[in-house]
Amino acid sequence: MPKHIVRLITLLVVAVILAIVARFYLVPHSYYRYGNYRGNAVAEIARDPPLYKGSRSCASCHRRIFNQWSASAHRVQCEDCHGPSGDHPGMDAPPLPINPDTHQLLMQERYRIATGRMQMPTNTAHLCLQCHASIAGRPATQPQVIASVHAGTQQCAACHDVHSPKIVFPAVPQVASMGSAASGRAASAACAACHGATGISVSPMWPNLAGQQRAYVVRALESYRTGKRKAAPMNMMAAALSDTQIANLAAYFSSLTAGRAAVQVQARRNVPAGVRLVSAKACATCHGPNGSSSNPVVPNLAGQKQAYLVSALDAYRSGSRPEALMSRVARGLTDGDVRRLSLYYSKLQCADAACKEAR
Amino acid sequence: MTEKTPAVERRKVLRVIAGAVAAACGATALRLFGGSAKAAIRPADAPPPAIPGYDWTKHRWAFGVDATRCIGCLSCVAACKNENSVPRDTHHFRTWVERYAYLNGSDEPVVDSQSEPDALSTSPGNPTYPYRFPDRYGDQVVDKAFFVPKLCNHCSNPPCVQVCPVGATFRTKDGVVLIDQDYCIGCRYCVQACPYGARTFNEAMGVTDKCTWCYHRITKGLKPACVEVCPAGARVFGDLNDPQSDISVFLRENRVNVLKPEMGTHPNVYYVGIDRSVR
Amino acid sequence: MMSVAMTAVARMGWWHVPLFHASPFTGYVYPNETIIPWSGLIVVYPYITGLVAGAFIVSSFYHVFGMNQFKPVARLALLTALAFVICVPVPLLLHLGHPERALEAMITPHWSSAFVAFSYVISFYICVLLLETWFAFRADIVAMAARGRGLRGLFYRVLTLGSDDVSEHALAYDHRWAYVLAVIGIPSAALLHGYVGFVFGSLKSRQWWSSDLMPIIFLFSAVVSGVALLILLYIAVSRIRGLEPDKRCLRGLAAALWSFLIFVLVIEALEYVTMFYRAEEGVGMIKALMRGPLEDWLLIQWGGSLVALLLLTWLLAFRRTGVFALAVAAALVLIEVFCMRWNVVIGGQELSKTMRGLIYYSPPILGRDGVIALVMILILPLLFLWLFVRLFPPWDDMAAERGLDVNEI
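Chains as they are written, first to last, in this note's numbering: chain A, 2 to 360; chain B, 770 to 1048; chain C, 860 to 1268.
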């Protein structure tokens, strides 16, 4: 065999041996321990410190707020709003006074940390809408609002306690002065021709007023008076009313309950379809689970005239009755939806005592 | 003579080098074959990874998603990014949330997610929530709409692990697909292979990144960060070996589905309340 | 002064390259899909491997199949294959997030990955090509080592491995080894490129890639591109050296290009027809992909191939050797194959895994996967080829001047 061939083969053999030797030293020692990977990686990945510690870890120091939160309907976790606790002392920390002036100082002194401060969100209007803005996709069981309609530019914390939002409305601004039901009764003679002496209207096209929400009636009359809401006879009638008279009429109609018995209860056809729609379109969020609203500016719907409800929804849909929230909801409805919803609400009666009381 | 000397010198030097190489090879061979009988531990006998208070043979993790409960608040996305230092932009996610909306009689949904440009929260109000679903179907008829949280499915038959050329990604004994980021070469083959888009390439680190079910948390008895912060109870996590764990109860009480079962990946994230259009 | 200039350039900011390049999309795509994982570098990589495989096949026409008309390009083809094959790892290493860890694929291979086979096949193939070139040029090396001075002389002397044996006995050995290596080289070249097709075709996650025909399409388009490259190179170097290219050789290359091109076009067309005829779920999105982000690329690919095919058919049918027309056809084929690589690699990623959206990728100008980098990578093997040709002149006429009969080798 010629010399160059021998040398070539020698070179190749040496290269192969060197490669094998090099490989022996280059394979990480924990490789192949559990499989075709570096075994030590598992423990290395598990070693990272957790950043989120969970709401229970807050309880040892912030007991009062924790108790208030855990007794409420709010299931949002502490760290959702206040950010991850990270090196903010957790469960093992001995209690410190929770006084904003001294807290940070003491934390820094005892735990030698500068970064342990939690976020204190101030823009609650932005924060709460992360979960409570009314958007497509959010399940109907989730309370949702359209901020501009619900609160304007107000912060949520103005009325709600953020840790326990169900403690509500002590601070809600009054929509109208209370008015006098007795004076309203005297003035209501002109209304009776259409809306009935007991507030139960004589035509399916005209709404019942008996037991209607007071603030809603005020608002309706005011918008007829200004022409924002258009209906020839009502614009004319309302133009003659003073603020006091409006308040009195509202107080009178909202106090009426006698007429409820006159509402005919029919067989509950189409009820299942209506129930599904009400939940799908989240009507109940504002108008109450039984069509009885708990918000004074939102009208009750239970037992309302069907034809009136259809015309109201059509007016919202076409924009002839300007109302941002309802226009939006109504534009999401088909003709069939409008028919079924109206039928459903018109067939609802005040069933339970709480509802009757509310009226 | 004067011509020969350098050749002789060269030959001597060569011999010394050859001897040294041979000695090194011999030593290696001895260690390789002599020591292998003791050193080679069969995978089954190897002691579990050194994680304090945790034995990976005693757990079998699984994840549940109840899409009917998800409110699309994106707490999970924010928490995941914080917990795992995921880049805070719209292109890198270990978990994300999709929204399916059926508009006005259509049988094909319109899908969006928090990563679209107009979903970025513009208000500086709270840095905890960089993302938000826009109210984009406001005036349209929405027949049906729902949110679907997505994350790595930690498949029993993971295509990403199959294609990794260096064994930098693997499935642990307790059923979690992890990445050894100190060993990953950054070829992104696994990103291609994942049918669920669950993997993302971290350009700054030069390695692939993915959901680990917060392995550093679950091995300490905590829940994954996304499960911990979910205010709606839409995310469920637990140990299949424990019949009373959240996930075992979830699987017993619900009829569940997995994503893209036709891929043969055998996902371990189970869904309730998703539609045929979800993939 | 220098640092002031550098700072001024840096202040201008135009050269600042962002960390990643996100693409716009339509419909719905998974959030992580907006940055496509494999960009232009992975288009260039199969393109270069294809040229290697093709060039090697051309050299085998002579070295293995003994087709004498290809003799004038046989050794040039070998050097071309070598110059391109040592550039194959360049785009790959540039693509990796951690190129310094690349050897892990050979140290701790994970055998179920198609990439592992690549690292071994490419190493083996580079060895085969180096050895084959060495044997093919050994007589020249010995001659040049005897005449060479200084550093260049030392380079040749190292390459001789200290043996100046060019006896008939020794040359017979060289001949046999070169032949055996060429025979091994053909399946290696096929494997190398068929495997590249497998890397894409085996991924079930991407509908545009997931096809059994993928390796075959890659393989044949590789041969086509390699033949086209050699036609261009041969015409170019003949012009540079002031010689007329050999007519028989050119006609042979044209015939090879023509027949392989027909093969490629038929298989690719079959793939489309099958896809649309079956009309499985998602075919609508594939149509949208072809009419959307891929439209221009597909037009260049198919327009280029058809014009090239017509030109070649005309040349062959009328037994013409229009050097210019042949060069145009070859250039069109090179462009067509590049577009085909783009359409596969980028196209597959432009169709979202959700099958509800399309991603519109356009390459950035700067950055390591930018257009400038890609052009430089494509020029690099030509620089190597220039160097190799200077070091080992592959021309028969010059070898004859030195009194060597390389035709025996």
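C-beta atoms are modelled at their ideal positions from N, C-alpha and C, and glycine is treated no differently.
- By DSSP's assignment, V880 (chain B) forms a beta bridge with B:Y869.
- Excluding five sequence positions before and after R1179 (chain C), the CB atoms of its chain that fall closer than 8 Å to its own CB belong to W1173, given in chain order.
- Distances from the CA of A1190 (chain C) to each of C:W1254, C:I985, C:L1170 and C:V1204 were compared; the closest alpha carbon is that of C:L1170.
- Considering only B:P1030, B:N873 and B:R1048, the residue with the shortest C-alpha distance to V910 (chain B) is B:N873.
- For S1022 (chain C), the nearest beta carbon of chain A is closer than 8 Å to its own beta carbon.
- H1028 (chain C) has a beta carbon lying within less than 8 Å of a beta carbon in chain A.
- Take P817 (chain B), set aside five residues on each side of it, and the residues of its chain with a beta-carbon closer than 7 Å to its own are D824, W825 and T826, in chain order.
- Annotated as proximal: I954 (chain B) and G956 (chain C), with beta-carbon spacing under 8 Å.
- Fewer than three pairs of CB atoms, one per stretch, sit closer than 8 Å, so the stretch 986-993 of chain B makes no contact with the stretch 989-997 of chain C.
- Rounded to whole angstroms, the separation of the alpha carbons of C195 (chain A) and S204 (chain A) is 7 Å.
- In this structure, L314 (chain A) lies away from A325 (chain A), with their beta-carbon atoms at least 8 Å apart.
- Neighbourhood of A962 (chain B) in chain C, by CB distance below 7 Å: L1062 and S1064, in chain order.
- Burial of G333 (chain A) is indicated by the presence of at least 16 other C-beta atoms within 10 angstroms of its C-beta.
- Taking 7 Å as the upper bound on Cβ-Cβ separation, chain C lies near residues P928, Q931, V932, C933, P934, V935 and G936 of the stretch 923-938 of chain B.
- Residue burial annotation: Q131 (chain A) is buried, with at least 16 other C-beta atoms found within 10 angstroms of its C-beta.
- Neighbourhood of P896 (chain C) in chain B, by CB distance below 8 Å: R957, V960, Q961 and F970, in chain order.
- Contacts with chain A at 8 Å (Cβ-Cβ) include T967 (chain C).
- In this structure, the alpha-carbon of C129 (chain A) lies about 7 Å from that of C157 (chain A).
- The shortest CA-to-CA distance from H828 (chain B) to any of B:E997, B:D1011, B:I1043 and B:R1021 is the one to B:D1011.
- Those residues of the stretch 13-36 of chain A placed with their C-beta closer than 7 Å to a C-beta in chain C are R24, L27, V28 and Y32, ordered along the chain.
- A distance of 8 Å or more separates the beta carbons of L910 (chain C) and L1116 (chain C).
- Annotation: the stretch 942-995 of chain B contains the following complete segments of the alpha helix (DSSP H) (minimum length 4 residues), in chain order: 958-962 and 984-987.
- Between C921 (chain B) and C980 (chain B) a beta carbon distance of about 4 Å is seen, short of the 8 Å cut, so the two are scored as contacting.
- Between the stretch 1234-1242 of chain C and the stretch 941-957 of chain C there are three or more C-beta pairs closer than 8 Å, enough to call the two in contact.
- By the CB criterion at 8 Å, Y958 (chain B) and C933 (chain B) fall inside the cutoff.
- Between the C-alpha atoms of G200 (chain A) and P890 (chain C) there is a straight-line separation of about 57 Å.
- C:C946 is the residue among C:C946, C:I1231, C:Q1160 and C:G1012 whose C-alpha sits nearest the C-alpha of Y984 (chain C).
- Taken in chain order, the unbroken stretches of alpha helix (DSSP H) that lie wholly in the stretch 1177-1218 of chain C and span 4 residues or more are 1182-1209.
- Residues of chain C with a Cβ closer than 7 Å to the Cβ of I6 (chain A) are, in chain order, Y1032.
- A straight line joining the alpha-carbon of R1011 (chain C) with that of W1245 (chain C) spans about 16 Å.
- In this chain, the alpha helix (DSSP H) harbouring K1146 (chain C) covers V1142 to R1150.
- Counting along the chain, T938 (chain B) sits inside the beta strand (DSSP E) bounded by residues T938 to R940.
- In the structure shown, the three-state DSSP call for P958 (chain C) is helix.
- Burial is judged here by how many other beta carbons sit within 10 angstroms of a residue's own beta carbon; L1013 (chain C) has fewer than 16 and is exposed.
- DSSP places G886 (chain C) outside any alpha helix (DSSP H); the residue lies instead in the beta strand (DSSP E), whose first and last residues are F884 to Y887.
- In this chain, L1062 (chain C) is not harboured by any beta strand (DSSP E), its DSSP state being neither H nor E.
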